[in-house]
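For the sequence shown, the numbering used here begins at 20 and goes up steadily by one. Built from N, CA and C at the ideal position, the CB exists for glycine as well. Heads up, the thing below is written out as structure tokens.
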Amino acid sequence: MSGIAAEVLIERLAAWGVDTVFGLPGDGINGIMEGLRRHADKVRFVLVHHEEAAAFMAAGHAKATGTIGVCLATSGPGGIHLLNGLYDAKLDHVPVLAITGMQETAVLGTAYQQEVRLDRLFDDVAEYNQVVTNPVQLPSLVDIAIRTALARRGVAHLTIPNDVQVADADADPWQHVAPARPPQTAPVYLPAPGLPRQEDLVRAAEVLNAAERPALLVGAGALHAREEVLAVAERLKAPVIKTLPGKAVVPDDSPYTTGGLGLLGTRPSEELVDEVDVLFMIGTNFPYTKHLPEPGKTRFVQLEADPARAGTRVPTDVPVVGDAREGLRALLPLLDERSDESFLRKYREKSDKWRGEMLALAGADRDPIAPQYAVSVLDDLAADDAILTCDSGTVATWAARHWTIRDGREFYLSGNLASMAPGLPYGIAMQLAFPGRQVIAYVGDGGFAMLMAEFLTAVRHHLPVKVVVNNNNSLGMILWEQMVLGYPEHGVRFAEPYADFAAWATACGGFGAKVTKSGDLRPAVERALAFDGPALVDVEVDPHEPPMPGKVEYDQAKKFAQAFLKGQPHRAAIATTLFKDRIRKFQD
Numbered sequence: 020m021s022g023i024a025a026e027v028l029i030e031r032l033a034a035w036g037v038d039t040v041f042g043l044p045g046d047g048i049n050g051i052m053e054g055l056r057r058h059a060d061k062v063r064f065v066l067v068h069h070e071e072a073a074a075f076m077a078a079g080h081a082k083a084t085g086t087i088g089v090c091l092a093t094s095g096p097g098g099i100h101l102l103n104g105l106y107d108a109k110l111d112h113v114p115v116l117a118i119t120g121m122q123e124t125a126v127l128g129t130a131y132q133q134e135v136r137l138d139r140l141f142d143d144v145a146e147y148n149q150v151v152t153n154p155v156q157l158p159s160l161v162d163i164a165i166r167t168a169l170a171r172r173g174v175a176h177l178t179i180p181n182d183v184q185v186a187d188a189d190a191d192p193w194q195h196v197a198p199a200r201p202p203q204t205a206p207v208y209l210p211a212p213g214l215p216r217q218e219d220l221v222r223a224a225e226v227l228n229a230a231e232r233p234a235l236l237v238g239a240g241a242l243h244a245r246e247e248v249l250a251v252a253e254r255l256k257a258p259v260i261k262t263l264p265g266k267a268v269v270p271d272d273s274p275y276t277t278g279g280l281g282l283l284g285t286r287p288s289e290e291l292v293d294e295v296d297v298l299f300m301i302g303t304n305f306p307y308t309k310h311l312p313e314p315g316k317t318r319f320v321q322l323e324a325d326p327a328r329a330g331t332r333v334p335t336d337v338p339v340v341g342d343a344r345e346g347l348r349a350l351l352p353l354l355d356e357r358s359d360e361s362f363l364r365k366y367r368e369k370s371d372k373w374r375g376e377m378l379a380l381a382g383a384d385r386d387p388i389a390p391q392y393a394v395s396v397l398d399d400l401a402a403d404d405a406i407l408t409c410d411s412g413t414v415a416t417w418a419a420r421h422w423t424i425r426d427g428r429e430f431y432l433s434g435n436l437a438s439m440a441p442g443l444p445y446g447i448a449m450q451l452a453f454p455g456r457q458v459i460a461y462v463g464d465g466g467f468a469m470l471m472a473e474f475l476t477a478v479r480h481h482l483p484v485k486v487v488v489n490n491n492n493s494l495g496m497i498l499w500e501q502m503v504l505g506y507p508e509h510g511v512r513f514a515e516p517y518a519d520f521a522a523w524a525t526a527c528g529g530f531g532a533k534v535t536k537s538g539d540l541r542p543a544v545e546r547a548l549a550f551d552g553p554a555l556v557d558v559e560v561d562p563h564e565p566p567m568p569g570k571v572e573y574d575q576a577k578k579f580a581q582a583f584l585k586g587q588p589h590r591a592a593i594a595t596t597l598f599k600d601r602i603r604k605f606q607d
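Structure follows, in structure tokens:
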């Protein structure tokens, strides 16, 4: 015999170029673990502390590399734990293969211990979802699963009963009665052509050439097309708005960009969408339609890789299906060179003013520490090709506004799922994928506490990931969302004392620094970045600093005031912070 079936699984993963599997062992996958042991020279197994983290790591690997991410969990509860990270991959359209165990076939359907039909449970999250019931299926099902995940930019799932895992690799125990033989496939993926139809490009060019006030809205689908985006912006003299997942498409100091859009965006971008007559959406299916131009007053051109997503948010005048880079390259010769820079100049000036206001809020003289200052110090000290991962919450606001994309810097977060806790797992996966680069996880205290055991994973795998904790001892974003609804906050602040996450980092064998004063912040971050290994800086920031939207609407201000009148706790401290922020903006 040629070994056990699990070896075929691992060998096929290696044939696809998979070199890392993130997971946690269990008795439902002992056969797969043996396959990994026998082929440890081909595929590395990264032992984590929680299966949710394994799925986040697989998603983070896929986001940063563009290749398939793989996670592994045992039957029952282990597989269940994968779901949150897998939904992150599904909603952000990145390819991930989840492999789970299942009880041996002889006891399925008998309510055996940990018997959970994971194939049924994963039916919504997975683009491809199969139970392996015969060892000879394995090579082809792995091929089909990975090919489907890559083609559909989503999750594939294979669940393998543990008796099948340890069966002879070439076992084919049943008589064949169908006019077929076991499939034989190859570990090959051919991506669909990315060049849009010429007639669609011509129509798009006609609309864009006729625009008087054009703008671009770019998302994660254009991360590989920076030069092309800037070339189109230059040709049209058009400002560029960025979605948060698409923050790294264009450098933040580019004279073309107005920054982000939405609650975490900038005032210039909000004002821009009210004025444009043509919006060119590139590589984005931006879901927050309240922040998009009003249909009927603005025309829309959309360059989208997935035909199903083109035109799902607004009535797109010209949908163009294709890859962002290939599509823009083909479109560029059809665009007229615009000479009038007045519209672009107007928003360049607005953006310069906005950046000045943001800089004023990041003062080093504030006590408690301004969260904006914490990010600005990190931004100033980090490498020009650093990768920043981010949790959801107020940290996303501060990163969006104060982490500057320049040169080779990158930025990743849970975009559409907006889950708490992916920042550290992302960082671990990306540090493994890019061992020579600086990887920083910027996380909130709430999200970090959920998966803080993974800092120990970083230590044990000798990964120099850096972690900065924005510690406001609360679920900050939910606090402010409650107030914007007109309700006083409730159930969102943790009881004191503040957690000392630096002590945890030190106990794990890494570097830990606790910072409570602004003057101590810069030296602590410098030491953390210079430390040869995992390092964590726990920064106690002002818990009363609101993540205000770029452009405050009347209804938002009204609801905010109602929360105060209804008995908002800490309203004096919040009002004082808001007043001081306003003064700083005027002083700048």
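Asked: Evaluate Arg139 with the Cβ neighbour count: other Cβ atoms within 10 Å of its Cβ, from every protein chain shown; 16 or more gives buried, anything less gives exposed.; Found: exposed
Asked: For the beta strand (DSSP E) that Asn148 lies in, which residues bound it at each end?; Found: Ala145 to Val150
Asked: Can you check whether the CB of Ile459 is closer than 7 angstroms to the CB of Ala405?; Found: yes
Asked: Buried or exposed: where does Gln217 fall if 16 or more other Cβ atoms within 10 Å of its Cβ makes it buried?; Found: exposed
Asked: Using CA atoms only, rank isn't needed, just tell me which of Thr423, His481 and Leu380 is closest to Met567.; Found: Leu380
Asked: Who pairs with Leu298 in a beta bridge, going by DSSP?; Found: Ala234 and Phe319
Asked: One question on the structure: do Val135 and Ile179 come within less than 7 angstroms of each other, judged by their Cβ atoms?; Found: no
Asked: Label Thr308 either buried or exposed according to how many other C-beta atoms from any shown protein chain fall within 10 Å of its C-beta, with 16 as the threshold for buried.; Found: exposed
Asked: Taking 6 angstroms as the limit between beta carbons, can you name the residues of its chain near Met20, skipping five residues before and five after?; Found: The predicted position of Met20 is uncertain, since its pLDDT is 45 and thus under 50; a value taken from the coordinates is nonetheless stated next. Contacts found: Asp187.
Asked: Can you list, in chain order, the residues of its chain with a C-beta nearer than 7 angstroms to that of Met469? Leave out the 5 residues immediately preceding and following it.; Found: Met439 and Ala440
Asked: Please report the straight-line C-alpha distance between Val297 and Gly281, rounded to a whole angstrom.; Found: 18 angstroms
Asked: Starting from Asn489, follow its DSSP beta bridges and name the residues at the other end.; Found: Gly463 and Val558
Asked: Check each candidate in Ala239, Leu249 and Val161 and name the one with the smallest Cα separation from Val207.; Found: Val161
Asked: Would you give the residue range spanned by the beta strand (DSSP E) that Glu429 belongs to?; Found: Glu429 to Leu432
Asked: Our contact map puts Val558 next to Val488 with C-beta atoms below 8 angstroms; I'd like the distance itself, whole angstroms only.; Found: 6 angstroms
Asked: Hey, would you say Ala329 sits closer than 7 angstroms to Ala244, going by beta carbons?; Found: no
Asked: Helix, strand or coil for Pro287? Go by DSSP, reduced to three states.; Found: helix
Asked: Reducing DSSP to helix, strand and coil, say where Ala92 ends up.; Found: strand
Asked: If you drop the 5 nearest sequence neighbours on each side, which residues of the same chain put their C-beta closer than 8 angstroms to that of Arg254?; Found: Leu351, Leu354, Asp355, Glu356 and Arg357
Asked: Closest by CA to Ala24, which one among Val155, Lys372, Asp293 and His176?; Found: Val155
Asked: Check for me: the beta strand (DSSP E) holding His80 runs from which residue to which?; Found: Looking at the DSSP string, His80 is not in any beta strand (DSSP E); the run it does join, the alpha helix (DSSP H), is Glu70 to Thr84.
Asked: Would you mind reading off the limits of the alpha helix (DSSP H) that contains Pro167?; Found: In the sequence as displayed, the identity of residue 167 is Thr instead of Pro. Start and end: Leu157 to Arg171.
Asked: Near Ser273, which residues of its chain fall below 8 angstroms by C-beta distance, leaving aside the five closest residues on each side in sequence?; Found: Leu249 and Val259
Asked: Looking only at C-alpha atoms, which of Ser159, Leu504, Glu70 and Lys82 sits nearest to Pro96?; Found: Glu70
Asked: Give me, in chain order, the residues of the same chain whose beta-carbon lies closer than 6 angstroms to that of Gly442; leave out the 5 immediate sequence neighbours on both sides.; Found: Thr408, Cys409, Asp410, Ala460 and Val462
Asked: Determine the DSSP secondary structure at Arg332, reduced to helix, strand or coil.; Found: coil
Asked: Enumerate in chain order the residues of its own chain whose CB-to-CB distance from Glu30 is below 7 angstroms, with the five nearest sequence positions on each side excluded.; Found: His58
Asked: Does Glu246 pass the burial test, meaning 16 or more other C-beta atoms within 10 Å, or should it be called exposed?; Found: exposed
Asked: Based on DSSP bridge pairs, tell me the residues matched to Val40.; Found: Phe64
Asked: Counting C-beta neighbours from all protein chains within 10 Å, is the total for Pro233 16 or more, i.e. buried, or is it exposed?; Found: buried
Asked: Would you be able to state if there are at least three C-beta pairs under 8 angstroms between the stretch 409-424 and the stretch 312-321?; Found: no
Asked: Taking only three categories from DSSP, how would you classify Ala117?; Found: strand
Asked: Output the distance between the C-alpha atoms of Val333 and Thr277, rounded to the nearest integer angstrom.; Found: 21 angstroms
Asked: Fully enclosed by the stretch 241-276, which beta strand (DSSP E) runs are 3 residues long or longer?; Found: 259-261
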